[in-house]
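In the numbering used here, the protein residues as written are 4 to 242. Backbone N, C-alpha and C fix where the C-beta goes; we use that ideal spot for every residue, glycine too.
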């Protein structure tokens with residue numbers, strides 16, 4: 004399985020989002036459209052904090068989420084998220100990521116990918132066991148996440164594996180194995196996959212491929228079979 008093959012599975016998914024709120028929320032629908040999502044805006048006589056978005060799949064209601072969570076992810080995804088210390092998730096972010104799972108997004112930014120990675124790292128922290136496989140494209144990018152991953156390894160029984168172009172020699176960190184790559188397809192990929200120690204209810208994965216304009220095209224999923232497939236594909240690259 005290649006990343007491109009994986010992403011093609013989601014190209015025909017029928018996802019539509021309707022934003023309900025005052026005129027100030029209209030830009031959220033416009034930003035969703037840049038992600039390749041069928042998005043519309045409907046005026047609602049309510050305050051900004053009470054605005055919401057309705058997600059439909061194949062024409063059927065799937066989820067409603069507070070617009071503040073959607074807006075934060077689209078406009079300022081790292082708001083309230085630190086790169087160090089104990090991972091701590093937010094219910095609004097959890098709901099948003101659950102609602103947008105299995106949705107192909109065509110123009111993700113590194114900040115949006117990092118926010119999603121943090122959400123899944125938080126899940127791994129809460130589970131406390133299992134294998135976590137991560138690729139930030141190059142090992143040097145891991146430097147900004149080092150304190151966070153030191154907490155993940157010291158506070159849990161996670162088996163953490165970090166992949167990337169070998170442009171930096173990381174220090175030895177108990178519980179973390181580094182995998183320098185050369186000429187691998189993973190060098191163009193932002194990836195995080197967690198097997199939750201076999202618990203299908205907590206498995207998750209994020210896969211995104213960098214495009215020519217520097218943005219990322221990607222998807223995240225909680226489908227346990229797909230997560231297992233992604234985990235196996237990462238292991239195969241390193242063999």
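- A distance below 6 Å between beta-carbons, with the five flanking residues on each side excluded, links residue 180 to the following residues of its chain, in chain order: 164.
- Of all C-beta pairs linking the stretch 190-202 to the stretch 125-141, three or more are shorter than 8 Å, placing the two stretches in contact.
- Apart from sequence neighbours up to five positions away, the residues of its chain that approach residue 112 with a beta-carbon distance below 8 Å are 80, 218 and 219, ordered along the chain.
- Every alpha helix (DSSP H) of 4 residues or more that sits fully in the stretch 110-136 is shown, in chain order, as 113-130.
- For residue 20, the enclosing beta strand (DSSP E) covers residues 18-24.
- Between the alpha carbons of residue 203 and residue 226 lies a distance of about 8 Å.
- Between residue 39 and residue 109, the CB-CB gap stays under 8 Å.
- Here residue 166 really is in contact with residue 138; their C-beta atoms are around 4 Å apart, less than 8 Å.
- When C-alpha distances from residue 231 are compared across 215, 99, 207 and 58, the shortest belongs to 207.
- Taking a C-beta distance under 8 Å as the contact criterion, residue 221 and residue 237 do not qualify as a contact pair.
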